[in-house]
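Below: the structure, in structure tokens.
Protein chains in written order, with this note's numbering: chain A, 1 to 579; chain B, 580 to 848.
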């Protein structure tokens with residue numbers, strides 16, 4: 001196996017919205033490499049649909065303080081409040097900056113950026129839904145991804161496409177290098193660097209029904225977790241209420257922002273019972289639980305009564321064409337239904353990890369309850385946990401998160417490398433990855449990646465998704481013990497060097513299983529219900545015991561330990577979460 | 580090689596018809612368990628590490644539903660029959676642009692085409708005009724180099740300061756269609772001119788240029804039109820309409836190319 005060596009001041013891992021925004025910030029002031037296992041424009045930011053909230057107040061009164069309140073309340077008070085303030089305040093600049101970069105926002109009749117309603121975003125601390133989401137039809141993420149990539153092309157950013165990062169190397173207590181597998185050749189590349197920023201996205205492929213791309217396997221958080229970096233709040237995984245039945249393909253909350261209604265088998269607008277004030281625009285965790293409760297109580301639709309309808313039929317057809325064209329096309333393509341005249345079968349779909357690599361508001365990775373910074377290590381976007389989403393992210397706040405904290409992380413990293421020097425590069429930097437790859441090539445094991453992965457996804461859906469109990473989570477721990485052992489006996493067919501996606505998938509499965517264990521063990525310990533983490537056996541939020549962030553760590557011997565970190569901020573006192 | 584299809588001015592009508600056909604054939608979501616099909620999947624394979632030339636391999640894939648995607652069938656073949664079968668994919672619902680391939684003779688995204696549309700006999704090969712690296716994976720670098728050549732970013736001389744620029748809804752609508760492009764290369768690799776002359780900048784790059792040329796905020800049109808007026812530019816286009824038919828996002832690609840040609844001819848946008 002050939003090993004190549006490179007030296008850069010800074011490396012960004014991942015080229016979705018967060019990685020590209022960080023690259024724009026750092027390019028030009030340091031020697032920068034951006035590594036992505038895809039091509040930048042294939043990143044899953046491009047699948048985001050509905051919008052990006054910012055209190056521009058272009059169409060009605062709004063304030064970034066209201067946005068902050070909504071974010072904190074939406075996150076069931078597990079949000080670090082100073083971080084949420086930063087995000088909501090800087091949201092306004094971020095949107096304007098994207099407009100300057102050329103992002104084609106939808107416009108109001110007088111030419112300003114248009115705004116629309118979204119779940120959990122309200123005027124004056126919960127009075128009524130507010131028009132806060134800036135958008136570009138229902139392809140806002142696509143436009144953000146394209147626009148940021150265009151700006152990187154303009155700045156001649158140095159991309160290494162289809163380079164999959166599989167390890168980091170630390171020395172002298174800081175970052176020394178990262179190690180990437182080049183898909184086109186099968187060669188390894190050691191990038192000696194002063195700093196690495198991870199922007200590698202989520203890990204929603206651990207669940208069966210998921211809006212996530214096949215490639216969202218948690219490589220970034222997974223490899224850091226194996227290197228001893230703790231993961232924060234992993235038990236909080238968001239299920240988006242409106243995934244296309246069985247397929248999980250996302251149908252934006254913008255559908256409800258534009259007036260869409262959820263209906264059960266009786267045709268009832270059931271959200272009126274669960275959230276009398278904002279109804280269908282309640283936060284995602286509440287709507288997902290409401291849908292599954294309707295189904296559980298026999299009011300689901302279909303032969304198995306296992307879905308409900310998203311109803312757009314009362315909306316003017318021209319509004320659907322203008323504001324929701326892409327999701328309408330998804331419904332036609334994948335369901336063979338016409339959303340203008342027919343109800344759309346939907347069910348909750350695994351969507352977003354609130355948890356991840358712990359960082360402060362400058363994207364610096366922090367490794368303990370005292371928020372000690374790990375020098376040279378940065379993270380931003382879904383793989384990171386700032387924490388601005390707490391126990392449940394509000395719709396649109398992920399696109400906001402990637403541009404605000406991508407920028408902050410990129411800026412902080414560029415500053416850091418101005419004065420830092422390179423840590424000594426360990427001579428064995430590539431050895432661990434080389435060994436892992438050679439073991440898989442040499443394996444005569446008969447376990448198959450696809451089989452293990454599908455068992456993982458089935459069991460996680462069944463035992464660790466929207467509703468959880470001590471019993472279901474303990475069963476999942478047992479399942480994971482078995483799967484972990486079987487992952488070690490995986491054998492692959494393709495022994496070649498060129499574009500060997502057989503081995504790529506084997507490596508990705510390892511990260512998914514490790515991170516699933518982090519999710520499950522964190523969830524089993526948290527004996528309360530908060531945001532997206534619902535325990536049937538502990539259905540009450542318990543602020544006295546659990547107003548704290550989970551920090552889950554994996555020791556070199558594979559044992560998993562838990563620690564906790566206080567939640568930052570007392571601007572907003574926790575109240576019962578009603579909508 | 581597929582022949583260039585007849586020019587048609589009405590892409591929209593064709594799309595609507597296709598959608599309507601699909602509705603009629605598809606099983607109702609409320610109906611009883613879906614019918615299962617056995618698929619005959621033929622893939623044109625080439626692995627430079629072992630093969631001198633490409634060859635066809637046939638897979639029999641069982642237990643497939645009509646609403647499954649061609650991508651699902653490829654996955655079943657790769658995951659449970661032959662792990663060496665190689666293709667790119669990511670989002671699996673037609674927004675990332677990874678899995679453009681030639682399916683039953685026409686360019687499409689494997690994740691956007693359902694079995695009830697292709698039938699049970701499926702032939703898959705790599706998109707044409709870009710070098711095949713392995714099986715369905717082609718070298719995308721020439722394609723992205725052509726993309727970069729048209730200056731695909733907003734060019735302005737003004738300093739907008741803190742405020743957003745204004746743009747009327749009509750001006751915004753002017754370039755809406757070409758903002759949808761996901762750079763999947765389905766259009767460019769469906770173009771018979773591109774097959775014969777890979778120095779042609781290709782439909783996708785022109786679409787990307789169009790997106791800025793017709794954006795009222797942009798001031799870089801003259802530079803871009805100079806690029807597209809060169810020998811490798813828009814004049815290579817012979818309006819075969821293959822690009823419009825191939826676009827998985829429904830962009831009227833040929834129409835966009837014609838608008839760019841007119842902008843060069845009449846020196847106005």
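In this text, a Cβ means the ideal position worked out from N, Cα and C, and glycines have one as well. As the structure is a computational prediction, the values presented were derived from the model and not from experiment.
- For residue 448(A), a Cβ of chain B is located within less than 9 Å of the residue's own Cβ.
- According to the DSSP assignment, residue 840(B) belongs to the alpha helix (DSSP H) that extends over 832 to 845.
- Taking 9 Å as the threshold, the shortest C-beta distance from residue 721(B) to chain A does not fall below it.
- Within the stretch 707 to 732 of chain B, the residues whose Cβ lies closer than 9 Å to some Cβ of chain A are 712, 713, 714, 716, 718, 719, 720, 723, 726, 727, 730, 731 and 732, listed in chain order.
- Beta-carbon to beta-carbon, residue 469(A) and residue 537(A) are separated by about 5 Å, close enough to satisfy the 8 Å threshold.
- Residue 124(A) sits exposed, since fewer than 16 C-beta atoms from the chains shown fall within 10 Å of its C-beta.
- In terms of Cα proximity to residue 312(A), the closest of 272(A), 282(A), 236(A) and 261(A) is 261(A).
- Residue environment: residue 845(B) is assigned as exposed (fewer than 16 neighbouring CB atoms within 10 Å of its CB, all protein chains considered).
- If you check each beta-carbon in the stretch 623 to 645 of chain B against every beta-carbon of chain A, the ones closer than 8 Å belong to 626, 627, 628 and 629.
- When DSSP assignments are scanned along the stretch 240 to 328 of chain A, the uninterrupted stretches of beta strand (DSSP E) that are 3 or more residues long and fall wholly within it turn out to be 261 to 263 and 308 to 311.
- Between residue 452(A) and residue 373(A), the C-beta spacing is not below 9 Å.
- Judged by their CB atoms, residue 148(A) and residue 379(A) are not nearer to each other than the 9 Å cut-off.
- CA-to-CA, the gap between residue 672(B) and residue 678(B) works out to about 10 Å.
- Annotation: the continuous alpha helix (DSSP H) that includes residue 821(B) extends over 821 to 825.
- For residue 615(B), same chain residues with a beta-carbon under 6 Å away, outside a window of 5 residues either side, are 642 in chain order.
- For residue 745(B), the nearest CB of chain A lies under 9 Å from its own CB, placing it at the interface with that chain.
- Assignment of alpha helix (DSSP H) within the stretch 626 to 679 of chain B, counting only whole runs of 4 or more residues, yields 649 to 659 in chain order.
- Going by C-alpha positions, residue 306(A) is about 20 Å away from residue 532(A).
- For residue 742(B), the neighbours in chain A by C-beta distance under 8 Å run, in chain order, 96.
- The shortest C-alpha to C-alpha distance from residue 507(A) to any of 525(A), 526(A), 457(A) and 433(A) is the one to 433(A).
- In the DSSP assignment, residue 534(A) forms a beta bridge with 467(A).
- Where residue 92(A) is concerned, the enclosing alpha helix (DSSP H) starts and stops at 81 to 101.
- In the structure shown, residue 194(A) adopts extended strand secondary structure according to DSSP, grouped into three states.
- One Cα belongs to residue 332(A), the other to residue 339(A), and the distance between them is close to 8 Å.
- With a cutoff of 9 Å on beta-carbon distance, residue 107(A) and residue 841(B) are scored as not near each other.
- If you draw a 10 Å sphere on the C-beta of residue 206(A), you find 16 or more other C-beta atoms in it, and that means buried.
- Taking C-beta atoms under 8 Å as the contact rule, residue 50(A) and residue 118(A) qualify, at a distance of about 6 Å.
- For residue 554(A), the beta-bridge partners assigned by DSSP are 560(A).
- Within the stretch 167 to 201 of chain A, the residues whose Cβ lies closer than 8 Å to some Cβ of chain B are 184, listed in chain order.
- At a Cβ-Cβ threshold of 9 Å, residue 352(A) and residue 288(A) do not count as neighbours.
- The stretch 378 to 431 of chain A contains, as complete alpha helix (DSSP H) runs of 4+ residues, the segments 397 to 419 (chain order).
- For residue 352(A), the three-state secondary structure derived from DSSP is strand.
- Residue 723(B): member of the alpha helix (DSSP H) spanning 720 to 728, first to last residue.
- Burial check for residue 810(B): the Cβ neighbour count within 10 Å stays below 16, so the residue is exposed.
- Below 8 Å, too few C-beta pairs join the stretch 688 to 695 of chain B and the stretch 45 to 62 of chain A to call them touching: fewer than three.
- Per DSSP, the unbroken alpha helix (DSSP H) holding residue 787(B) starts and ends at 782 to 792.
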